[in-house]
Amino acid sequence: MTRQKVSIVIPTTGKRQNLLQRAITSAFVDDESLSTEIIVIANGAEWEDFSLPDGIELPLNATIRVLCAKQADANHARSLGIEYATGMVLRFLDDDDYLIPEAARAQYHFTLQENLDFCSGNAEIRDQDNSLIDTLVQPEEQTACAATLTRKRVQLTFSPVYRTATLNGLQWPVGLRQSEDIVWLVRYVTAAHRRWKHFDCAVGVWYQHAGERQSLNRPSGFIHEATAQALLEAKVTLQQQRRWDEHLAHLTAEALMDLVHRSFPFRPLYWTSVANQALQMNQRARPPQPVYAYAGFRQFDPRLLLWLLLPKRWFSLGWVSAKNLIAGRDYRRTL
């Protein structure tokens, strides 16, 4: 029997050996028709001293390859993984997250049987006690662009499975530590038409822990600027390809207005400019937060409300920051 190979790309700094071991073990596939190629990319200052965690029992249908990169950048490591991957399909996995093996296996089969370019699964969010915080479900959209440009996207790195051949020539955004998964996904779906379907099952876990993380765990407008720029660039790219339509315009405008509300207190002038561009896509676009639908507020231009609410939101942000400074910040996050 010819086995279809699955490549799993895992960037790591090597500092979280217990979590890395769990990630690797979760990526093994118990299936006679599939084989697993796990590519671990050690990157950063300690790459020369990196070794795999002890106690990993390697199945007969699995291999582990270790690559080392001096550059301390998970995105550079992911791009390197694409270059060396030999599997028919590929998945990215962060070293502190893990897959749900049976669901992941079913997703590989679904992707191959349906001849998809990529396939997106649902995701669970769990804390250090393994308590379920939330389940993120892919949006009910019919196309890859719609499912990605909407604010309801699920962009976690392990969620999609890609046909490896569709990744040729694409690079993860090196140097970007916030929203890089969204930027990557938007660029991927807009680079060419993609055959896509939603796999309606949780395929992995976004693990919340109190240890060192690459991403920011505090209020910030900066983390959303890259997303806004990617969405605005997507419009231009899709227009050039004649794939831009009214539905995508409405989804993108709503996604941009959501970012505007979240980030407005940090750079009001910048986010007013983003709101202007969103309203050019859809004049009726408003942030999805409830305040913009309150009686007496619905008739106002959302940009006016953003400015009117600004003093109150500055006060609230200051209060929350002070409280977290005293009591500590909850390590658990949601999207």
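Heads up: the sequence shown at position 84 corresponds to 84 in UniProt numbering, and the numbers run straight through without jumps.
Note that the Cβ used here is the ideal one computed from N, Cα and C, for glycine as well.
This one's a predicted model, so the numbers in the text were calculated from it and none came from an experiment.
Counting along the chain, where does the alpha helix (DSSP H) carrying Gly81 start and finish?
-> 74-84
Where are the beta strand (DSSP E) runs, 3 residues long or more, that stay fully inside the region 110-147, in chain order?
-> 118-126, 132-136
Residues in its own chain within less than 6 Å of Thr13 by CB, not counting five upstream and five downstream?
-> Gly44
So which of Gly121, Arg151, Leu19 has the shortest CA-CA distance to Asp96?
-> In this structure, Leu19 is the residue among Gly121, Arg151, Leu19 with its C-alpha nearest to the C-alpha of Asp96.
By a C-beta neighbour count over all protein chains shown, 10 Å radius and 16 as the cutoff for buried, is Phe222 buried or exposed?
-> exposed
What is the C-beta distance between Ala253 and Ala285, in whole angstroms, given that I count them as a contact (C-beta under 8 Å)?
-> 4 Å
State the Cα-Cα distance for the pair Leu305 and Tyr292, rounded to the nearest angstrom.
-> 8 Å
Proximity of Val6 and Glu37 at Cβ, strictly below 8 Å | Yes. Within cutoff.
Inter-residue Cα distance where the pair is Phe28 and His193 = 31 Å
Count the other C-beta atoms from every protein chain shown that fall within 10 angstroms of the C-beta of Pro265, then say buried if there are 16 or more, exposed otherwise.
-> Classification for Pro265: buried.
Does Arg267 come within less than 8 Å of chain D when only Cβ atoms are used?
-> Considering every chain present, this structure includes no chain D. It has just one protein chain.
Is Arg298 buried or exposed, if buried means 16 or more other CB atoms sit within 10 Å of its CB?
-> Exposed is the call here.
Three-state secondary structure (DSSP) at Val66?
-> strand
Does the Cβ of Leu231 have 16 or more other Cβ atoms within 10 Å, making it buried, or fewer, making it exposed?
-> Here Leu231 is buried. Its C-beta has 16 or more other C-beta atoms within 10 Å.
Can the beta-carbon of Ala191 be found closer than 8 Å to that of Leu176?
-> no
Put Val291 into one of helix, strand or coil per three-state DSSP.
-> Here Val291 sits in helix by DSSP.
Taking contact to mean at least 3 C-beta pairs separated by less than 8 Å, is the region 80-88 in contact with the region 120-133?
-> Too few Cβ pairs lie closer than 8 Å, so no.
Could you round the C-beta distance between Glu140 and Leu132 to whole angstroms and report it? I think they count as a contact, below 8 Å.
-> Actually they are not in contact, since the Cβ atoms of Glu140 and Leu132 sit about 22 Å apart, beyond 8 Å.
Assigned exposure category for Ser159 - 16 Cβ within 10 Å defines buried = buried
Since Val203 contacts Ile100 with CB under 8 Å, what's their CB separation in whole angstroms?
-> 6 Å
For Ser7, write down the residues that DSSP places opposite it in a beta bridge.
-> Partner(s): Glu37, Leu90.
Enumerate in chain order the residues of its own chain whose CB-to-CB distance from Ser179 is below 6 Å, with the five nearest sequence positions on each side excluded.
-> Ile223, Ala226, Thr227
If you count every other CB in all the chains shown that lies within 10 Å of the CB of His186, and 16 or more means buried, which is it?
-> Reading off the sequence shown, one finds Val at residue 186, where the question assumed His. When all chains shown are included, Val186 counts as buried.
Under the three-state DSSP convention, the category His193 falls into = coil
Check whether the Cβ atoms of Pro11 and Ala72 sit closer than 8 Å, and answer yes or no.
-> no
Excluding the five sequence neighbours on either side, which residues of its own chain have a C-beta within less than 8 Å of the C-beta of Arg126, listed in chain order?
-> Leu132, Ile133, Val205, Trp206, Tyr207, Gln208
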